[in-house]
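With my numbering, letter number 66 in the sequence shown gets 60, and the count goes up by one each step, no holes. Glycine residues also receive a C-beta, built at the ideal position from the N, C-alpha and C atoms. Worksheet: the structure to be examined is printed underneath.
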Amino acid sequence: MNEITTIKSGSSSAQNTFKIIFNYFVFKPLWNGTLGFAILFTGLILTKIFISFFTPVYILNIGLSDLFIASLGFIILFAIRFLLNLKRFMEIRSKSI
């Protein structure tokens, strides 16, 4: 992943500060931590669904909470993708100015 680390002479100090804060305190923790949780949530639920097809054990039945956790994983993935697109848009916008 490319980071916004280049500081252009045309950009203001506030923009550079925002880029640094956004990268290191918002984007990186979300990308590193939440992507893992989203993959873990969806992986666990998909495994539970596949196992319940072969062994219909009561503990492995799929409930609404499981579907909510799986959808939460996908929502987190979409949020990360939105942040990536926002970051790319900000890079393109800062280059065009």
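Burial of I39 is indicated by the presence of at least 16 other C-beta atoms within 10 angstroms of its C-beta.
The alpha carbon of I70 has as its nearest neighbour, out of L34, S90, F12 and F83, the alpha carbon of L34.
Under the three-state reduction of DSSP, S90 is assigned to helix.
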